[in-house]
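Data first, discussion second: the structure below is written as structure tokens.
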Amino acid sequence: MTIDEKTSAAARVREIADSFARRIPHGHDIGMRLEEESADGKTRLRLAPQPGLAGDNGGAFFFPGVLFSLADSASGLAVFRSLDRVVPIATLDMRIDHLAPATMDADLRAEAECYRMTRTVAFTRCELMAGPESRVVAIVIGTFMLSSSTPRGAKP
Amino acid sequence: MTPAIEPGEAGTPHMREQIAAALDAMPYCRHLGIRLAAGATGEEVLFHLPFDARLIGNASLPAIHGGVLASFMQAAALASTSAALGNVVPPKLIDFSLDYLSSAGPADLYAQCELHRVGRRIAAVGIRCWQRGPDEPVALGRAHVYVAHSASDASVIPP
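One line per chain: the protein sequences are A and B, in this order. Here this note's numbering is used: the first residue of the first sequence is 3, the next is one more, and so on. Here this note's numbering is used: the first residue of the second sequence is 130, the next is one more, and so on.
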């Protein structure tokens, strides 16, 4: 494979990954939005506050699971974008630490990266930011299993 | 002071009411449709999330979104802790760890909690989530929940 071919293969993987991320039914249900890729290579998703996403009847804070959903999708997409081919991935585990309350006075934002990739396992970390000053409110660490088989319909 | 939770108390009508009230106090749980399993006897507290297409995370498998599993299990942990302590102040999640054992297909989810320890401020909760039966869990979770015993206590420590 030439450098040009490699670059176009990577671009194609990203295109497929991003298109997959835009078609997550639960993502649509809660209003997740994918941001354009930036120079730092991080994967960014955001979510606007809505009364149905609150954890309290006063509507002041996001329910913690909403943060987990956004981090799960952002981390999975970060893994997909880091692959040089399209393979199915499965989340092995994910852990969230809540550092501060996630207030619903601004968009919730997730910034994920795949910081280590082996042949079988990918490791991710993700920060969640909330409030008008985009304060870090949670840290999420995840591991993903990469399938060894080539999925049907995927082109090498 | 550690609140005493008798194992047999978990399924009493009073406890079920408190758990239902705790679930009802979380709008996102209402949005997802999380409830106590209908027809459960007084023996156990069983959480139930009926399947809906909008819970899907991977349409090609299809599989329920990992965040939905997490939300369901967190809600179970928070409601169980809240009911065990008498709904004084809503409990808050400090951390949550989720092991995915198999992908959750397009079917109803069930969950049960075990309060490993309820201390003065922190409760350690284990959550088992399954579809076909409790012996075939799709995910296992572990949470630390912060429990304030008074409103003044609640304002001292975030989150």
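Even glycine gets a Cβ: it sits at the ideal position worked out from N, Cα and C.
For the beta strand (DSSP E) holding residue i, just list the boundary residues, first then last.
i	result
K221/B	K221 to Y229
E243/B	L238 to V247
I163/B	It is not in any beta strand (DSSP E) - I163/B carries neither H nor E in the DSSP assignment.
L94/A	I91 to H100
T45/A	T45 to L49
L36/A	M34 to L36
Which residue comes first and which comes last in the alpha helix (DSSP H) that contains residue i?
i	result
G186/B	No alpha helix (DSSP H) holds G186/B; the beta strand (DSSP E) holding it covers I185 to N187.
V254/B	V254/B -> not in any alpha helix (DSSP H); beta strand (DSSP E) instead, spanning I251 to W259.
Cβ closer than 8 Å: which chain A residues qualify as neighbours of residue i?
i	result
D228/B	L94 and D95
V197/B	H28, G67 and S71
A236/B	Per Cβ cutoff of 8 Å: no residues; A236/B is ~15 Å from chain A at best.
S232/B	A92
H177/B	Result: empty, since nearest Cβ-Cβ is about 16 Å, beyond 8 Å.
Under 7 Å between beta-carbons, which chain B residues line up against residue i? List them in chain order, please.
i	result
P27/A	A182, R183, I185 and A188
I98/A	D224 and F225
Who are the neighbours of residue i on chain C, taking C-beta pairs under 9 Å?
i	result
D20/A	Going by chain labels, chain C is absent from the structure shown, which instead holds the protein chains A and B.
Would you mind telling me which residues of chain A sit closer than 7 Å to residue i, beta carbon to beta carbon, in chain order?
i	result
Q203/B	P66 and G67
P219/B	D58
Mapping the DSSP letters down to three states, classify residue i as helix, strand or coil.
i	result
V197/B	helix
G270/B	strand
F176/B	strand
F64/A	strand
A151/B	helix
T9/A	helix
A56/A	strand
Since residue i contacts residue j with CB under 8 Å, what's their CB separation in whole angstroms?
i	j	result
A62/A	T105/A	6 Å
P263/B	R257/B	6 Å
Y146/A	A92/A	A quick correction: the sequence has Phe, not Tyr, at residue 146/A. Right, the Cβ-Cβ distance comes to about 7 Å (below 8 Å), so this counts as a contact.
L184/B	H30/A	Wrong, their Cβ atoms sit about 11 Å apart, outside the cutoff.
A140/A	L69/A	5 Å
G196/B	G67/A	6 Å
Quick one: which chain B residues come within Cβ less than 8 Å of residue i?
i	result
A56/A	M155, P156 and Y157
D74/A	G186, H194, G195, G196 and A199
D31/A	R183 and L184
Any idea which residues DSSP pairs residue i with across the strands?
i	result
T126/A	C116/A and G144/A
V88/A	Answer by DSSP bridge pairing: none, since V88/A is not bridged.
R25/A	Note: R25/A sits in no beta bridge, so no partner.
L110/A	L49/A
M2/A	Residue 2/A lies beyond the range of chain A shown here (3 to 158); nothing can be said about it.
T105/A	F63/A
A233/B	A233/B is not bridged to any residue.
A192/B	N187/B
What residues of chain A sit near residue i, judged by a beta carbon separation below 9 Å?
i	result
S211/B	Simply none; closest approach about 12 Å.
So which residues of chain B does residue i contact, with C-beta pairs closer than 9 Å?
i	result
P51/A	Within chain B, no residue comes near P51/A; the closest Cβ sits about 11 Å away, beyond 9 Å.
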